[in-house]
Amino acid sequence: METGAKNSLTRPAELLGRAIRYERAHWRRLMPVVAIYAFGGLALQLFSESGFRSMGKPFFPVAAAFVLAGAFIYVWGFAALLLALRDDRLDWQRAYRGALSYVVRYAVAWLLYALIVMAGVLALVIPGIYLAVQFSFVSYVLVFENTGAREALRRSRMYVRGRWWAVLWREVALGLMAMGAYSFVLLILGILQFPDTLTELLLTGANTIVVPITSVYVLLMYKELKHGKNSD
Numbered sequence: 000m001e002t003g004a005k006n007s008l009t010r011p012a013e014l015l016g017r018a019i020r021y022e023r024a025h026w027r028r029l030m031p032v033v034a035i036y037a038f039g040g041l042a043l044q045l046f047s048e049s050g051f052r053s054m055g056k057p058f059f060p061v062a063a064a065f066v067l068a069g070a071f072i073y074v075w076g077f078a079a080l081l082l083a084l085r086d087d088r089l090d091w092q093r094a095y096r097g098a099l100s101y102v103v104r105y106a107v108a109w110l111l112y113a114l115i116v117m118a119g120v121l122a123l124v125i126p127g128i129y130l131a132v133q134f135s136f137v138s139y140v141l142v143f144e145n146t147g148a149r150e151a152l153r154r155s156r157m158y159v160r161g162r163w164w165a166v167l168w169r170e171v172a173l174g175l176m177a178m179g180a181y182s183f184v185l186l187i188l189g190i191l192q193f194p195d196t197l198t199e200l201l202l203t204g205a206n207t208i209v210v211p212i213t214s215v216y217v218l219l220m221y222k223e224l225k226h227g228k229n230s231d
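Next up, the structure:
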């Protein structure tokens, strides 16, 4: 993937366009990766909800196990997606096999990220936002540079330093675009009035299309920031 100029980050509309074009060229590899963890997590969620409705509190230990299993599937799956983005030759099977070695580091990195941001939010909301943007590339650093959790946090902060506002604006733009697409899908599904389970399945299907686009969008930012720091 190409990166932008050293002194400026690519505009959100162009980042989105490049992300969409990349997904179109690689959808056969990327869609199965996302679908496995998205639909796997949904299946655990639906089974857990069904168990609660039929058994009540006695089902709680099983439900807790399902929550942990869902978290594992998500961490494993997103690490597999990043590996597939890192190496265009990987299919979904090799991406998932390779991602197993990242699961623990990825989980630790995101636990540290959550604790840091939560501490910032509890202190004041603004520090929480500031820290969230600083460490927003931790997943990409961890997988693309094969680092540990703390080093991924350190490098993410280093890449964002001096570009905080530019990164914030592009992440806000991405959030608004994703929210608009999600709201549109919800509106259509609301008009059609499908059963709840079918609605969940269709939303998950839409998610398998959107997630690779948003992931590539952030990846392009990460590569531009890293390139800029390495060129200094």
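Going left to right, the sequence shown walks through residues 0 to 231 as numbering that gives the first Met the number 0 numbers them.
Each residue gets a CB set at the ideal place from its N, CA and C atoms; glycine is no exception.
Predicted model, so just to flag it, every value in this text is computed and none were measured.
Quick one: what does DSSP say residue i is sitting in, helix, strand or coil?
i      : result
Thr136 : A quick correction: the sequence has Phe, not Thr, at residue 136. If DSSP states are grouped into helix, strand and coil, Phe136 belongs with coil.
Gly76  : helix
Gly147 : coil
Asp195 : helix
Met0   : Reliability fails at Met0, whose pLDDT of 49 lies under 50, so the model's placement of it is uncertain and no value is given.
Thr207 : helix
Ser7   : coil
Gly16  : helix
Arg153 : helix
Arg96  : helix
Gly161 : coil
Arg28  : helix
Leu200 : helix
Arg88  : coil
Leu123 : coil
Would residue i and residue j qualify as a contact pair, given that the criterion is a beta-carbon distance under 9 Å?
i      : j      : result
Thr146 : Ala37  : no
Val137 : Ala122 : no
Thr213 : Leu173 : yes
Trp155 : Phe183 : The sequence given here places Ser at residue 155; Trp does not occur at that position. No, they are not a contact pair.
Tyr101 : Leu82  : yes
Arg149 : Leu111 : yes
Val209 : Ala180 : yes
Val132 : Tyr105 : no
Trp75  : Tyr95  : yes
Ile19  : Ile72  : no
Apart from the five residues just before and just after residue i, which ones in its own chain have a Cβ nearer than 7 Å to its Cβ?
i      : result
Gly69  : Gly40, Leu43, Gln44
Arg17  : Leu219
Pro31  : Trp91
Leu15  : Met176, Tyr216
Val140 : Thr146, Ala151, Arg154, Ser155
Can you list, in chain order, the residues of its chain whose CB lies under 8 Å from that of residue i, leaving out five sequence neighbours each side?
i      : result
Leu8   : Arg162, Ala165, Val166, Arg169, Met220, Glu223, Leu224
Gly97  : Ala79, Leu82, Leu89
Val171 : none
Considering only residues of the same chain and omitting the five flanking positions on each side of residue i, which have a CB-CB separation below 6 Å?
i      : result
Ala4   : With a pLDDT of only 44 at Ala4, under 50, the local geometry of the prediction cannot be trusted, and the value read off the model is given with reservation. Nothing meets the Cβ criterion.
Leu120 : Leu is not the amino acid found at residue 120; the sequence shown has Val there. Excluding sequence neighbours, Val120 sits near Gly127.
Val159 : Gln133, Val166
Pro11  : Arg169, Ala172
Less than 8 Å between the CB of residue i and some heavy atom of the ligand PLP, yes or no?
i      : result
Gly127 : Ligands in the displayed structure: none, and consequently the ligand PLP is not present.
Using 8 Å for Cβ pairs, my map puts residue i next to residue j. What's the rounded Cβ distance?
i      : j      : result
Val116 : Leu130 : 5 Å
Leu188 : Thr198 : 5 Å
Lys228 : Met157 : 7 Å
His25  : Asp86  : So it is not a contact: roughly 11 Å between Cβ atoms.
Would you call the stretch 78-95 and the stretch 22-30 touching, i.e. three or more CB-CB distances under 8 Å? yes
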